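The block underneath contains the structure these notes are about, expressed in structure tokens.
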Amino acid sequence: MIQIRIDENDPMGQFIKHRAEEIGVSPEEVAVAFAHTTFENTVRDLHKRFMTGEFTQGVFADMLGIERIDLIHLLDDIGLQATNV
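Counting from 47, one number per residue, gives the positions in the sequence shown under this note's numbering.
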């Protein structure tokens, strides 16, 4: 498990706390959702570049720090094309 500490007084911490109160969930749930959204946006941004042929599937996987097979599954889960041919 990876744990992250966010100071509730810095802007991101204030945002997370405010959002949690606004929707009635814990700050931890908001932080996890925020991290997932940020990760998915990163994957989508890299995918756009991958689709133009800027880099290979292997490089794409390396950029995310995962194995190629995991990249294929991830792209499938998100609904993105796994090949650029």
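Where is the CB? At the ideal position from N, CA and C, for every residue including glycine.
All figures in this text were calculated on a predicted structure; none of them were measured in a lab.
Would E54 pass as a contact of K63 if the rule is Cβ separation under 7 angstroms?
yes
Are the beta-carbon atoms of I118 and A128 separated by less than 7 angstroms?
Taking 7 angstroms as the Cβ cut-off, I118 and A128 qualify as a contacting pair.
Helix, strand or coil: which one does DSSP assign to D53?
coil
Could you give the uninterrupted runs of the alpha helix (DSSP H) lying entirely in the region 80 to 127, keeping only those of 4 residues or more?
103 to 110 and 114 to 124
Contact defined as beta carbons within less than 8 angstroms: I believe I144 pairs with A81. What is the distance between those atoms, to the nearest angstrom?
Shown here, the chain extends from 47 to 131; a query on residue 144 therefore has no answer.
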